[in-house]
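Going by numbering that gives the first Met the number 0, the first residue of the sequence shown is number 0, and it counts up by one from there.
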Amino acid sequence: MLVITDGGCDTLRIRREHACLIPRGASLPFTPREPVFRLT
Numbered sequence: 000m001l002v003i004t005d006g007g008c009d010t011l012r013i014r015r016e017h018a019c020l021i022p023r024g025a026s027l028p029f030t031p032r033e034p035v036f037r038l039t
């Protein structure tokens, strides 16, 4: 599963394998355990 966000989100609790896609320069408000890919 691919989670697409601008970084303005609460902690996510997804029980299956996933990754996050966020804009370059943005950050997540938590320390992610999954891979994070940045979009230019």
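Idealized CB from N, CA, C, for every residue including glycine.
Q: Could you tell me which of 34, 17, 22 and 26 sits nearest to residue 9, measuring between CA atoms?
A: Position 10 of the sequence shown, counting from 1, holds the residue named residue 9. Measuring from the Cα of residue 9, the nearest candidate turns out to be 26.
(Q) Tell me which residues share the same chain as residue 3 and place their Cβ nearer than 6 Å to its Cβ, disregarding the 5 neighbours each side in the sequence. (A) For the purposes of this step, residue 3 is taken as residue 4 along the sequence shown, with counting starting at 1. Counting only Cβ-Cβ distances below 6 Å, and skipping sequence neighbours, we find 20.
Q) From residue 33 to residue 18, what does the alpha carbon distance come to, in whole angstroms? A) By 1-based counting over the sequence shown, the position of residue 33 is 34. By 1-based counting over the sequence shown, the position of residue 18 is 19. Approximately 5 Å between the Cα atoms of the pair.
(Q) Just verifying my parser: in three-state terms, what is the DSSP assignment at residue 13? (A) One-based indexing of the sequence shown puts residue 13 at position 14. If DSSP states are grouped into helix, strand and coil, residue 13 belongs with coil.
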